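Participant: Take this structure first; my questions come after.
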Amino acid sequence: MGDEEAKSLPMELSEKGGVENNGFVQNEAFDDKETDTSSQEEMPKTCIIGVNPEATEEPVLEPYAGMPKEVLLKFSSQARYRVTREILFWLIITAAVVLVCATIAIIALSPKCLDWWQASPIYQIYPRSFKDSDMDGNGDLKGIQEKLDHIVNLNIKTIWITSFYKSPLKDLGYGAEDFYDIDPMFGSMSDFENLLAAIHDRGLKVIMDLIPNHTSDKHQWFQLSRNRTGKYTDYYIWQDCMQAGAAIAVPNNWVSVYGNSSWQFDDVRKQCYFHQFGKEQPDLNFRNLAVQQEIHDIIKFWLGKGVDGFSFVAVKFLLEATHLRNEPQVNKSQNSESITAYSELYHDYTTTQVGMHDIIRSFRETMDQYSREPGRYRFMGSDGDEKEDIGATMMYYGTTFVQEADFPFNFYLINMNNLSGNSIFEAVNLWMQNMPKGKWPNWAAGSPNTARISSRFGKEYVSVINMLLLTLPGTPITYYGEEIGMENIASENVSEEYINSDPVTFPEKSPMQWDGQVNAGFTEGTSSWLPVNPDYQSVNVEVQMTWSNSTLSLYRELTSLRNNELPIHRGWMCYVWNDSNVFVYVRELDGLDRVFMMVLNFGLESTIDMQATVPSLPSVATIRLSTNFSNTGKAVNTNTIKTEAGEGLVLEYKTGKLVHTMEAFQDNCFVAEKACYSSAFNLLYVNC
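Heads up: the sequence shown runs through residues 1 to 688, numbered per UniProt numbering.
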């Protein structure tokens, strides 16, 4: 090897080593040349020649799945990702705000939902006559539980059970011997608790009676009071009275509801006690605050058990005037000594006294303490029953600021003597015209103390009256048996034992007719406490369930219509016609073009022209329901609507002009819980 070749060899190795090792391992030849100035000058040339410049640039990195946090943060700070992220963030915030605002607006604009006592009819049960479970001939609480499915099948969700407190059963149990116990005739407290649980398990509610005005003379309070024991001394109204032999000089001329003096001499206390009803039912002294507290404690006891509401009975009798003046005579020329009937006096000093409504409002306050839990509102009804003073009845609703009863029970249809289109209109209009704004009406045509509909007016009017009750605005109340058209039993069939022992009526309290078996399926015992009506073979639940044209079938169709159609459930009602035969009204709702017109005949055969009365009425309407099922679904000309005696029609039609918007009908239209329908959003709202 020559000197030049040997001299060039280290340089070649250095170049080769520079390229291959990339500068990470030092080359000995390179170290040897380190002090050589010429070699140091040549070194840059060797590196530049031997290394590709592009290899020194960092590669471009793209996002990929599974990036580590450090890489992700690098990309997230880039403008295109940061801006997109911020846009999405603010869109989500904006959408959330809009959603919250929309929810608030819907809540603010939505009408108040109907409460349970408004949404469903009320079914009133007289427990002794509903169903006997132990074959003793008397209905009981277990019997009611056995028949709850019947109430469910009626599309009813509220049951009203009349008094079942422990009692001597004078006046049919309306004088309690113990407000905290069940009369053994009806069962035990355990039976009641089981019934209550079964009612609630089916989604139903239960109302019970409370009679605060008086007790039985067997009540422990009265026994202690007549003996002047401690605080009970003044639990009742006692007055001195003179007794001369068989005659008693009573404090004044006050007369019992059942006739004769309302004062009764007590041999134990040697004073007279006051009773507005039977002498076995002494009135409590509600001017004694301890007595008021006793009633509050009773309310709390039953609400604590789970009862959903009360019907307060005979509340107008709670207070009497303390001055004890004689009440004015109706006939001033009548000999005052001959006055024995309740109707012969004006009861200015024994009913609706100042302070009475304050007591009822205090009951409301106690009940409200149990209404705070959502969905557990406790209903309060009262029986104002001021037949001649509608204004006094309306006071039981309370005031704008102080609530009293949810409604006083409406007895105006019950007290009606003559049936006609005009009389029905007058009874309905009287309530609606006088009811305070925003309050809720109610309707009843039967009760435990009134002859049944078929016995008062005739069988042919039962279905049309049911149609009236179930299509008017408000809460309808059905007395047991009216859904199948039960009649009174003949008075001569009632045992003298009951007639002589109780100053009340019995024909309308006959046992419920369940089927065509012996005793109408009311009891499996040999007899019932009252005889069953002889018509039970055809008028009973079982057979009417199979007849499409039965009273029961129509009743079920009507309750279904009421529950499912908004105009009937909570819409406007407008009267459009009434005469001696027919009463006609419409039910409509703002926002819906569908209107229901009720044409109800309470007189004789009639033909009316409704097109001439309601300008916007179309020429043809469809019969949605009829008391004669064969007519359902047919078309009817609205200028010639014909109805037979006792026939009722629910007509359906569409219109762009609702009756309540017409000036001619402004004074004839009413709405309790105003609502409007939005077809775009399928919801109700209030600002129409």
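Even glycine gets a Cβ: it sits at the ideal position worked out from N, Cα and C. Everything numeric in this text was worked out from a predicted model, so none of it was measured.
Restricting to runs no shorter than 3 residues, where is the beta strand (DSSP E) found entirely within the stretch 102–132?
Facilitator: Segments of the beta strand (DSSP E) lying fully in the stretch 102–132: 122–125.
Participant: Per DSSP, which residues does R594 bridge with? Please list them.
Facilitator: In the sequence shown, the residue the question calls residue 594 occupies position 594. Answer is K654, bridged to R594.
Participant: Alpha carbon to alpha carbon, what distance is there between E62 and S38?
Facilitator: As a working note, residue 38 is residue 38 in the sequence shown. As a working note, residue 62 is residue 62 in the sequence shown. Residue placement at S38 is poorly supported in this model, since its pLDDT is 43, which falls under 50; the coordinates still yield a value, given next. Whole-angstrom Cα-Cα distance: 46 Å.
Participant: Ignoring anything shorter than 3 residues, give me the beta strand (DSSP E) runs that lie fully in the stretch 346–404, in order along the chain.
Facilitator: Within the stretch 346–404, the complete beta strand (DSSP E) runs of at least 3 residues are 379–382.
Participant: Does the Cβ of L684 have 16 or more other Cβ atoms within 10 Å, making it buried, or fewer, making it exposed?
Facilitator: Looking up residue 684 in the sequence shown gives position 684. With 16 or more Cβ atoms within 10 Å of its Cβ, L684 is classed as buried.
Participant: Where do the N-terminal and C-terminal ends of the alpha helix (DSSP H) with P476 fall, by residue?
Facilitator: As a first step, residue 476 must be located in the sequence shown, where it is residue number 476. From DSSP, P476 is part of no alpha helix (DSSP H) but of the beta strand (DSSP E) over T475 to Y479.
Participant: Please list, in chain order, all residues of the same chain as I48 whose beta carbon is under 7 Å from its beta carbon, the five residues on each side excluded.
Facilitator: Numbered from its first residue, the sequence shown carries residue 48 at position 48. Annotation note: pLDDT 46 at I48 (below 50); position unreliable, no value reported.
Participant: Run the CB neighbour count on C113, radius 10 Å, all protein chains shown included, and call it buried at 16 or more, exposed below.
Facilitator: As a first step, residue 113 is located in the sequence shown; it is residue number 113 there, counting from the start. Exposed, since its Cβ has fewer than 16 Cβ neighbours within 10 Å.
Participant: Does DSSP put Y412 in a helix, in a strand, or in coil?
Facilitator: As a working mapping, residue 412 is identified with position 412 in the sequence shown. Residue state, collapsed to three classes: coil.
Participant: Excluding sequence positions up to five away, which residues of its chain have a Cβ less than 7 Å from the Cβ of Q517?
Facilitator: Position 517 of the sequence shown holds residue 517. Around Q517: no qualifying Cβ.
Participant: Suppose you measure from the CA of W90 to the CA of M67; what does that come to, to the nearest Å?
Facilitator: Sequence index remark: in the sequence shown, residue 90 carries index 90 (1-based). Sequence index remark: in the sequence shown, residue 67 carries index 67 (1-based). Near 26 Å, if we compare the C-alpha coordinates of M67 and W90.
Participant: Could you name the residues of the same chain whose beta carbon sits closer than 8 Å to that of N639, not counting the 5 residues immediately before and after it, in chain order?
Facilitator: For the purposes of this step, residue 639 is identified with residue 639 of the sequence shown, where counting begins at 1. Same-chain partners within the cutoff: D609, M610, Q611, A612 and S619.
Participant: Per DSSP, what kind of secondary structure is L530 in: helix, strand or coil?
Facilitator: Position 530 of the sequence shown, counted from the start, is the residue given in the question as residue 530. If DSSP states are grouped into helix, strand and coil, L530 belongs with coil.
Participant: Taking G607 as the reference, which of T643, N422 and F164 has the closest Cα?
Facilitator: By 1-based counting over the sequence shown, the position of residue 607 is 607. The sequence given here has Thr at residue 607, not Gly. Comparing Cα-Cα distances from T607 to each of T643, N422 and F164, the minimum goes to T643.
Participant: Does S447 come out as helix, strand or coil in the three-state DSSP assignment?
Facilitator: The sequence position of residue 447 within the sequence shown is 447, counting from 1. Correct three-state label for S447: strand.
Participant: For I465, which of helix, strand or coil comes out of DSSP?
Facilitator: Position 465 of the sequence shown, counted from the first residue, corresponds to residue 465. DSSP places I465 in helix when its eight states are reduced to three.
Participant: Can you tell me whether DSSP reads M135 as helix, strand or coil?
Facilitator: Here the question's residue 135 lines up with position 135 in the sequence shown. Coil, per DSSP.
Participant: Enumerate in chain order the residues of its own chain whose CB-to-CB distance from I390 is below 7 Å, with the five nearest sequence positions on each side excluded.
Facilitator: As a working mapping, residue 390 is identified with position 390 in the sequence shown. Counting only Cβ-Cβ distances below 7 Å, and skipping sequence neighbours, we find L430 and N434.
Participant: Going by DSSP, name the residue or residues bridged to A635.
Facilitator: Here residue 635 refers to the residue found at position 635 of the sequence shown. According to DSSP, which records beta bridges pairwise, A635 is partnered with T622.
Participant: Excluding the 5 residues flanking M43 on each side, which residues of the same chain have their C-beta closer than 7 Å to its C-beta?
Facilitator: Walking along the sequence shown from the start, residue 43 turns up at place 43. Its pLDDT being 45, under 50, M43 is placed unreliably in this model, and the coordinates cannot settle the point.
Participant: Going by C-alpha to C-alpha distance, which of E652, S76, F401 and G259 sits closest to K279?
Facilitator: One-based indexing of the sequence shown puts residue 279 at position 279. Comparing Cα positions, the closest option is G259.
Participant: By DSSP, does L324 sit in helix, in strand, or in coil?
Facilitator: The residue labelled residue 324 in the question sits at position 324 within the sequence shown. In the structure shown, L324 sits in coil (DSSP, three-state: anything other than H, G, I, E or B).
Participant: Excluding the five sequence neighbours on either side, which residues of its own chain have a C-beta within less than 7 Å of the C-beta of G143, listed in chain order?
Facilitator: Working through the sequence shown from its first residue, we reach residue 143 at position 143. Closer than 7 Å at the Cβ level, and outside the excluded window around G143, lie F130, K131, D132 and S133.
Participant: M242 by DSSP, collapsed to three states: which one?
Facilitator: For the purposes of this step, residue 242 is taken as the residue at position 242 of the sequence shown. Correct three-state label for M242: strand.
Participant: Given this structure, state the Cα-to-Cα distance separating V671 from E565, to the nearest angstrom.
Facilitator: Indexing the sequence shown from 1 puts residue 671 at position 671. Indexing the sequence shown from 1 puts residue 565 at position 565. In a straight line, the C-alpha of V671 is about 15 Å away from that of E565.
Participant: Could you pull the start and end residues of the beta strand (DSSP E) that I159 belongs to?
Facilitator: Here residue 159 corresponds to residue number 159 of the sequence shown, with the count starting at 1. I159 -> beta strand (DSSP E) spans T158 to I161.
Participant: Give the single residue among T84, A95 and E146 whose Cα lies nearest to the Cα of W514.
Facilitator: To locate residue 514, count along the sequence shown from 1; it is residue 514. The candidate whose alpha carbon is nearest that of W514 is E146.
Participant: Excluding sequence positions up to five away, which residues of its chain have a Cβ less than 7 Å from the Cβ of P476?
Facilitator: By 1-based counting over the sequence shown, the position of residue 476 is 476. So the list reads P121, W443, L469 and L470, once near-sequence residues are dropped.
Participant: Using only the alpha-carbon positions, how far apart do G633 and P448 sit?
Facilitator: Position 633 of the sequence shown, counted from the start, is the residue given in the question as residue 633. Position 448 of the sequence shown, counted from the start, is the residue given in the question as residue 448. About 37 Å.
Participant: Go to S454, then tell me how far its alpha helix (DSSP H) extends in each direction, as first and last residue.
Facilitator: As a working mapping, residue 454 is identified with position 454 in the sequence shown. That run of the alpha helix (DSSP H) goes I453 to F457.
Participant: Assign M432 to one of three DSSP states: helix, strand, or coil.
Facilitator: Within the sequence shown, the letter at position 432 stands for residue 432. Reduced to three states, the DSSP call for M432 is helix.
Participant: Return yes when the Cβ of L413 is within less than 8 Å of the Cβ of L392, no when it is not.
Facilitator: Counting from 1 along the sequence shown, the entry for residue 392 is found at position 392. Counting from 1 along the sequence shown, the entry for residue 413 is found at position 413. For the sequence presented, residue 392 should be read as Ala rather than Leu. No. Outside cutoff.
Participant: So, at 6 Å on beta carbons, what are the nonlocal neighbours of E647 in its own chain, with the 5 sequence-adjacent residues on each side left out?
Facilitator: The sequence position of residue 647 within the sequence shown is 647, counting from 1. Once the five neighbours on either side are set aside, the close Cβ partners of E647 are N601 and T627.
Participant: Determine the direct distance from the alpha carbon of N519 to that of K316, and round the result to whole angstroms.
Facilitator: The residue labelled residue 316 in the question sits at position 316 within the sequence shown. The residue labelled residue 519 in the question sits at position 519 within the sequence shown. Approximately 39 Å between the Cα atoms of the pair.
Participant: Spell out the partners DSSP gives T607 in its beta bridges.
Facilitator: Start at 1 with the first residue of the sequence shown, and residue 607 comes out as number 607. K642.
Participant: Over what stretch of residues does the alpha helix (DSSP H) that includes Y555 continue unbroken?
Facilitator: As a position in the sequence shown, residue 555 is number 555, starting the count at 1. Here the alpha helix (DSSP H) through Y555 covers T551 to N564.
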